[in-house]
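**Student:** Using the working numbering, read the sequence shown as starting at 4 and increasing by one per residue.
C-beta atoms are modelled at their ideal positions from N, C-alpha and C, and glycine is treated no differently.
One structure coming up, written as C-alpha cells, with questions to follow.
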Amino acid sequence: MPLNKKYLSLFEQNWSESQRAVKRMKASLSRLKQHFPLTAQALKTEDEALSEKLDAFRIRFEVLQNCIGNKLFRNLLRMEDEEGLNMADTLSRMEKRQILSSADSWRKMREIREAFSHDYPEAESQRAEALNMAWAEAPELIKITDKIEAYLLKLHSIQLGGDH
C-alpha cells in the first residue's frame with residue numbers, strides 16, 4: 004500500500020520528538036537502576052536527588068507513552084490512508100501490524116500513566132507500585148518505537164532518522 008506523503012513530514016516531526024523522549028527515558032533508566040524495585044519506605048525517606056530523578060522518570064514515561072499513542076500511532080494510520088475511529092480501533096490496528104504485542108498491554112501502560120496523576124504524599128505504597136510498574140514497562144515503550152521503525156522500513160522502505 005502506498006503512503007500518503009502529505010502526512011510524512013508531520014510523522015517525521017513526531018518521530019524526532021519520540022526519539023528525544025526515548026533518549027531521555029534511557030538516561031532515566033540508567034540513572035535509577037540501583038533504586039528499583041522501589042518500596043514505600045524508600046519513598047518515605049527519599050532524598051531530594053532521588054526525588055528529582057523519580058519525577059524525571061515519571062514525566063518521561065508519560066511523554067513517551069503519549070507521543071507514541073497520540074501522535075505516532077495516529078499519524079502512521081493517516082500515512083496509510085486509514086483513520087483510527089477511536090483509541091481501541093487504533094490499538095487494534097497497531098496490534099495487527101505487530102507494532103503492539105497486544106492492545107491490553109498498551110492499556111496497562113495507559114493505566115500506569117494515569118496512576119501518576121494520583122500522587123498523594125501519604126500514599127507511598129501506591130506511588131511505589133505505580134513507579135515499579137512503569138519501570139517494568141518502560142523498555143517495552145522503547146521497543147514499540149523500534150517496531151514502528153522496522154514496520155515502516157519493511158513495508159514502505161522509509162528510513163527514519165534517530166539515534167536510539
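Residues in its own chain within less than 6 Å of A45 by CB, not counting five upstream and five downstream?
**Tutor:** Counting only Cβ-Cβ distances below 6 Å, and skipping sequence neighbours, we find nothing.
**Student:** Near S128, what residues of its chain come up, given a Cβ to Cβ distance below 6 Å and the 5 sequence neighbours on each side ignored?
**Tutor:** Cβ neighbours of S128 beyond the five flanking positions: A43.
**Student:** Does the beta-carbon of T48 have 16 or more other beta-carbons within 10 angstroms, so that it is buried, or is it exposed?
**Tutor:** It counts as exposed.
**Student:** Hey, E117 and F64: beta-carbon distance below 9 Å or not?
**Tutor:** Not closer than 9 Å, so no.
**Student:** Alpha carbons only, please: which of D50, V66, N78 and A59 is nearest the one belonging to Q22?
**Tutor:** For the residues D50, V66, N78 and A59, the minimum Cα distance to Q22 belongs to V66.
**Student:** Would you mind stating whether L57 and L32 have Cβ atoms separated by less than 9 Å?
**Tutor:** No, the Cβ-Cβ distance between L57 and L32 is not below 9 Å.
**Student:** How about the stretch 78 to 90 and the stretch 4 to 14: do they share at least three Cβ pairs that are nearer than 8 Å?
**Tutor:** Contact between the stretch 78 to 90 and the stretch 4 to 14 is present, because at least three Cβ pairs lie under 8 Å.
**Student:** Nearest to A137 by CA position, among R61, E55 and A24, is which residue?
**Tutor:** Nearest of R61, E55 and A24 to A137, Cα basis: R61.
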